[in-house]
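Each residue of the sequence shown is one higher than the one before, counting from 2 in this note's numbering.
Where a beta carbon is used, it is the ideal one built from N, C-alpha and C, also for glycine.
None of the values given here were measured: they were computed from a predicted structure.
The structure appears right after this line, and notes come after that.
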Amino acid sequence: MSVSLELKHALTEQPIDLPVFHPVALNIILLNSDPYSDIEDIIREINEDQALVAQVLRMANSSAYMGLVKAKTIKEAVIRLGARQITSLAMAASQVSLHSSSNATINGLMQGLWQHSLACALGSWWLARHTGHQSIVEYAYLAGLLHDIGKLYLLKAMENISKDNKNHFAFEHGPIVEILTEMHVDQGCRIMDHWNIPQIYRSIVANHHAEHFDPVDSLLAIVRLVNYYSRKVNLSLNPGQLQPANVLTEIELLDMDEAQCNKLEVVMAGYHEIAC
């Protein structure tokens, strides 16, 4: 068995419950799906962790969301941005600490993955608002944030393997990226199923690289197009110049013109500073 095949096999045997979601993030998802919960429950959940409060406020007051007056409390941030958006920011903020490793190579990839995921979250939120898709704006941020969750799981699995005394894998950058590219969709779907994440987000994980996809799924088209531009502006583990023909279907579905596409590219490039 080649080293690559051996590592892939070892990855599939890692525990499904590796920490790819902060407990607060999972609690927020459950609260959001509970018809008897309200925003006060979510605010209380966030306020239980002062480090999380600080991170949420930092993100809410960043240039991507900044109003005339900075929010000083979670309650003020909710009033300015809305309950659903603060919920999304809290989930993003709670995930930051999970993107680190004692292995230098894996840590570098985790940091790059975080920058990509956050940029896609912000970009998806921006694009939904600016293409008239108000009905899915509240879902766009999390859809962008979670689309590559399979890559985080695989990196956590590699970290787990690297700590094993019997480990003999080198974990070099190039081969790791190849494995992430090949395996992240299937592993991402496993994660979404295991944690009972809502179907609207599982569908994004499953289909964000699919050759054929639902021609009326605007949310998926948004994430796919933002993912494309993240690569174009080097906010991806797989950066590179791509052909616009690759996303013509998405552009047509969202009824975008050339000026809007150019604006999206500028917006995505601007997330370098925010995501770092």
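Among the options, whose alpha-carbon lies nearest the alpha-carbon of residue i?
{"i": "L53", "options": "I87, I40 and P20", "result": "I87"}
{"i": "A211", "options": "P199, N228 and H195", "result": "N228"}
{"i": "V138", "options": "A129, L146, G145 and A144", "result": "A129"}
{"i": "K164", "options": "D215, N104 and N28", "result": "N104"}
{"i": "P176", "options": "L110, W126 and S136", "result": "L110"}
{"i": "I275", "options": "D149, N33 and A65", "result": "A65"}
{"i": "V234", "options": "H148, G271 and E46", "result": "G271"}
{"i": "L147", "options": "Q261, K167, S38 and A94", "result": "A94"}
{"i": "W126", "options": "I223, E7 and M193", "result": "I223"}
{"i": "Q15", "options": "D258, S204, T250 and I192", "result": "I192"}
{"i": "G113", "options": "V267, E251 and R232", "result": "R232"}
{"i": "K9", "options": "D187, N166, S38 and S102", "result": "D187"}
Using the rule of at least 16 other Cβ atoms within 10 Å of the residue's Cβ for burial, across every protein chain shown, is residue i buried or exposed?
{"i": "G124", "result": "buried"}
{"i": "A51", "result": "Reading the sequence as shown, one finds Gln at residue 51 and not Ala. It counts as exposed."}
{"i": "R59", "result": "exposed"}
{"i": "Q244", "result": "exposed"}
{"i": "H195", "result": "exposed"}
{"i": "V217", "result": "exposed"}
{"i": "A55", "result": "exposed"}
{"i": "K152", "result": "buried"}
{"i": "G133", "result": "exposed"}
{"i": "S219", "result": "buried"}
{"i": "M269", "result": "buried"}
{"i": "V57", "result": "buried"}
{"i": "Y154", "result": "buried"}
{"i": "S204", "result": "buried"}
Could you check the C-alpha separation between residue i and residue j for me, to the nearest Å?
{"i": "G83", "j": "L99", "result": "26 Å"}
{"i": "V89", "j": "A120", "result": "According to the sequence displayed, residue 89 carries Ser and not Val. Each residue's Cα considered, the two are about 13 Å apart."}
{"i": "A78", "j": "A61", "result": "7 Å"}
{"i": "T279", "j": "Q116", "result": "Nothing about residue 279 can be read from this structure; the chain reaches only from 2 to 277."}
{"i": "T106", "j": "H174", "result": "6 Å"}
{"i": "E253", "j": "A141", "result": "18 Å"}
{"i": "M2", "j": "D256", "result": "At M2 the pLDDT is 44, less than 50, meaning the model places this residue with poor confidence; the figure from the coordinates comes in the next sentence. Going by the C-alpha atoms only, they are around 49 Å apart."}
{"i": "K264", "j": "R85", "result": "25 Å"}
{"i": "E49", "j": "Y230", "result": "36 Å"}
{"i": "A260", "j": "A246", "result": "16 Å"}
{"i": "N168", "j": "I162", "result": "6 Å"}
{"i": "N108", "j": "F172", "result": "11 Å"}
{"i": "P24", "j": "L31", "result": "11 Å"}
{"i": "E41", "j": "I47", "result": "10 Å"}
{"i": "C262", "j": "H213", "result": "22 Å"}
{"i": "V70", "j": "D258", "result": "34 Å"}
{"i": "E266", "j": "T13", "result": "36 Å"}
{"i": "S38", "j": "H131", "result": "30 Å"}
{"i": "S101", "j": "E7", "result": "24 Å"}
So, are the CB atoms of residue i and residue j less than 9 Å apart?
{"i": "L221", "j": "N208", "result": "yes"}
{"i": "Q96", "j": "S63", "result": "no"}
{"i": "I75", "j": "I44", "result": "yes"}
{"i": "A144", "j": "I201", "result": "yes"}
{"i": "A326", "j": "I29", "result": "Summary: the structure shown does not reach residue 326, with the chain confined to residues 2 through 277, and so no result is reported for it."}
{"i": "F170", "j": "A11", "result": "yes"}
{"i": "L226", "j": "V206", "result": "no"}
{"i": "S5", "j": "E179", "result": "yes"}
{"i": "L236", "j": "H273", "result": "yes"}
{"i": "D149", "j": "G189", "result": "yes"}
So is residue i in contact with chain D if we call contact Cβ pairs under 9 Å?
{"i": "Q51", "result": "The structure shown contains no chain D; it holds only a single protein chain."}
- prompt: Is it true that the segment 15-24 meets the segment 154-162, where meeting means three or more beta-carbon pairs spaced less than 8 Å apart?
  reply: Contact between the segment 15-24 and the segment 154-162 is present, because at least three Cβ pairs lie under 8 Å.
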